[in-house]
Every structure is written in structure tokens, then in C-alpha cells.
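Chemist:
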Amino acid sequence: MIREDFKEILRLVRPGSRVLDVGCGEGVLLDLLTREKQVDGRGLEISAAGVAACMSRGLSVVQGDADLDLDHFPDRSFDYAILSQTLQATRQPRHVLDELLRIADRAVVSFPNFGHWRVRWSLLHRGRMPETEALPLPWWSTPNIHLCTLADFLALTEDLGVRIDACAAFAGIGPARQIDPTKAIENWRAESCLFMLSRNPPPVQGATRTEPPATSGDLFDG
Numbered sequence: 142m143i144r145e146d147f148k149e150i151l152r153l154v155r156p157g158s159r160v161l162d163v164g165c166g167e168g169v170l171l172d173l174l175t176r177e178k179q180v181d182g183r184g185l186e187i188s189a190a191g192v193a194a195c196m197s198r199g200l201s202v203v204q205g206d207a208d209l210d211l212d213h214f215p216d217r218s219f220d221y222a223i224l225s226q227t228l229q230a231t232r233q234p235r236h237v238l239d240e241l242l243r244i245a246d247r248a249v250v251s252f253p254n255f256g257h258w259r260v261r262w263s264l265l266h267r268g269r270m271p272e273t274e275a276l277p278l279p280w281w282s283t284p285n286i287h288l289c290t291l292a293d294f295l296a297l298t299e300d301l302g303v304r305i306d307a308c309a310a311f312a313g314i315g316p317a318r319q320i321d322p323t324k325a326i327e328n329w330r331a332e333s334c335l336f337m338l339s340r341n342p343p344p345v346q347g348a349t350r351t352e353p354p355a356t357s358g359d360l361f362d363g
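Here this note's numbering is used: the first residue of the sequence shown is 142, the next is one more, and so on.
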């Protein structure tokens with residue numbers, strides 16, 4: 142069964158694109174994009190077990206840390222850089238997001254929304270860190286070290302001066318719901334959020350895309 146956020150990413154990514162999946166885990170999303178959208182896909186994964194699982198699928202993945210190793214990629218190496226449910230586990234989320242938009246034309250980022258009403262209720266009613274479908278692990282074992290709300294993330298995009306091209310919200314097992322992230326009610330309703338971001342003006346229709354620099358020296362060479 143395909144995760145709803147993966148379905149939304151599949152909808153957003155154009156066929157034949159160059160894609161980097163950062164924090165790709167066992168390669169489920171990257172494999173899906175390769176099969177369904179024929180992307181030229183690469184992955185960056187911190188765990189050796191995840192890299193091994195990706196390689197068993199025939200995917201091009203290297204072991205690396207998003208906080209440290211995105212610096213090795215040349216500018217505009219990819220059409221899309223994807224960070225799915227990983228931003229909150231990075232040590233430097235602002236730097237990571239900035240790097241995604243340096244190495245790719247568009248960044249697709251999803252994360253659990255700490256402003257969801259169930260999270261607020263858990264803190265108010267129980268006085269304890271919440272455990273929800275989007276945040277299932279107890280505070281002492283979770284990899285999530287920089288949790289944020291939808292409003293927090295929106296403020297970060299403004300601080301970085303990036304454009305929001307699309308935004309979807311998820312709750313439970315329901316499908317993606319396209320939203321206006323500036324509406325305060327969405328910070329209560331969305332259990333998790335997905336943004337597609339860009340820094341450059343949208344391309345002129347029919348214009349030829351300038352190719353990025355050669356990838357000599359990046360993590361996949363050699």
C-alpha cells in the first residue's frame with residue numbers, strides 16, 4: 142500500500158526528472174518514482190542498512206548525512222530534491238533546506254505538524270509529549286530533534302525568501318488535501334504537511350532549460 146504523501150510526491154514530480162531523495166530510507170519512494178515516472182533517481186541515506194536495502198532494489202544510493210554531505214553536490218544538479226519526513230530529524234534544518242534549493246530547482250519537503258490539534262490536546266490534557274500516528278515514538282527514543290508547526294515552517298520559508306509552489310495536508314489515512322498554508326486553521330487541522338518550494342522564477346513556457354554544471358566531484362562519482 143502506497144503512503145498518501147508518496148502519492149502526492151508522485152503527482153508533483155515530472156516524468157524523466159533528475160531526483161535526489163535525501164534520507165531515502167530503504168528506497169521505497171525512490172523505487173516508486175523510478176518505476177512510475179522514469180526519473181533519473183539518486184539517494185542519500187545515513188544508515189548502512191538503508192543503503193543496503195536500496196542497493197538490493199538496484200537504486201543508486203550513497204551513505205551520507207544531510208547535515209554535512211549536501212555541500213558536495215554542485216548547484217542545480219537535480220530538478221527535484223526530496224526530503225520526506227526527515228527535516229525534523231536533521232541537526233541544522235535551515236541549512237539543509239537552503240542546500241536543497243541550491244542543488245535542485247525545486248525542493249519537496251514533508252514533516253509532521255506539531256501544531257495539529259491532537260498534539261496540542263495531548264500537551265494540554267496530559268502534560269506529556271504526544272504520541273500520535275505522525276509522531277509514534279516516545280520522546281526518549283524519537284529521532285525527531287527539531288519538531289515544528291506548519292506556521293513555524295512557513296516563517297522559515299519567508300526567512301529564506303523561497304516561493305511555495307504547492308502545499309498539501311494529511312490527516313490519518315485520508316488522501317492529500319491541497320491547502321492555503323497561510324490560513325491559521327490549517328495549523329490545527331494538518332497532521333502532516335508537504336510543501337513544494339523553489340527559489341528561481343518559474344520557467345518561461347517553451348524556453349530551453351539551462352543545464353546544470355557537470356557533476357564531477359559529487360558523492361556519486363567514482
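Even glycine gets a Cβ: it sits at the ideal position worked out from N, Cα and C.
Starting from S263, follow its DSSP beta bridges and name the residues at the other end.
Modeler: None; S263 has no bridge partner.
Chemist: With the cut-off set at 8 Å, would you say C334 and F252 are in Cβ contact?
Modeler: In this structure, F252 lies closer than 8 Å to C334 by Cβ.
Chemist: Count the other CB atoms within 10 Å of the CB of V241; is the residue buried (16 or more) or exposed (fewer)?
Modeler: In the sequence as displayed, the identity of residue 241 is Leu instead of Val. It counts as buried.
Chemist: Using the C-alpha atoms, what's the distance from I187 back to R279?
Modeler: In the sequence as presented, Arg is not what sits at residue 279; that position holds Pro. Each residue's Cα considered, the two are about 22 Å apart.
Chemist: Relative to the C-alpha of A310, which candidate in K324, R304, V303, E299 has its C-alpha closest?
Modeler: Answer by Cα proximity: K324.
Chemist: From the DSSP output, in three-state form, read off P253 for me.
Modeler: The answer is strand: DSSP assigns P253 an E or B state.
Chemist: Helix, strand or coil: which one does DSSP assign to G182?
Modeler: Three-state DSSP puts G182 in a strand.
Chemist: Pair every Cβ in the region 223-232 with every Cβ in the region 297-309, then say whether three or more of these pairs are closer than 8 Å.
Modeler: With the cut-off at 8 Å, the region 223-232 and the region 297-309 do not touch.
Chemist: Which residue wins for smallest C-alpha separation from R159, given the options L211, V249, R183?
Modeler: That would be R183, whose Cα lies nearest to the Cα of R159.
Chemist: Taking the alpha carbon of D206 as the point to measure from, which residue in L228, S197, V249 has its own alpha carbon closest?
Modeler: Of the listed residues, the one whose Cα sits closest to D206 is L228.
Chemist: Look at the alpha carbon of A292 and the alpha carbon of N328, and state the distance between them as a whole number of angstroms.
Modeler: Rounded to whole angstroms, A292 to N328 spans 6 Å at the Cα level.
Chemist: What number of angstroms, rounded off, separates the C-alpha of R144 from the C-alpha of E332?
Modeler: Taking the straight line joining both Cα atoms gives about 14 Å.
Chemist: M113 lies in the alpha helix (DSSP H); which residues open and close that run?
Modeler: It is not possible to answer for residue 113, since the shown part of the chain is limited to 142 through 363.
Chemist: CA-CA distance, L173 and L185?
Modeler: For L173 and L185, the distance between alpha carbons rounds to 16 Å.
Chemist: By alpha-carbon positions, which one of V303, R259, M270, V192 ends up nearest to D246?
Modeler: That would be V303, whose Cα lies nearest to the Cα of D246.
Chemist: With C-beta atoms as the reference, is V180 less than 8 Å away from G157?
Modeler: Result yes, Cβ atoms of V180 and G157 sit closer than 8 Å.
Chemist: Who are the Cβ neighbours of G363 in its own chain at under 7 Å, not counting the five residues just before and after it?
Modeler: For G363, the predicted model reports a pLDDT of 43, less than 50, meaning its position is unreliable and no value from the coordinates is stated.
Chemist: Is L276 buried or exposed, if buried means 16 or more other CB atoms sit within 10 Å of its CB?
Modeler: Counting Cβ neighbours within 10 Å, L276 comes out buried, since at least 16 surround it.
Chemist: What residue from G313, G164, R217, R267 has the CA that sits closest to V203's CA?
Modeler: Closest option to V203, Cα to Cα, is G164.
Chemist: I think I320 touches V249, with their Cβ atoms under 8 Å apart; what is that distance to the nearest whole Å?
Modeler: Not a contact, Cβ separation roughly 16 Å.
Chemist: Helix, strand or coil: how does DSSP classify F336 here?
Modeler: F336: strand per DSSP, three-state reduction.
Chemist: Is the beta carbon of L153 closer than 8 Å to that of A312?
Modeler: No, they are not a contact pair.
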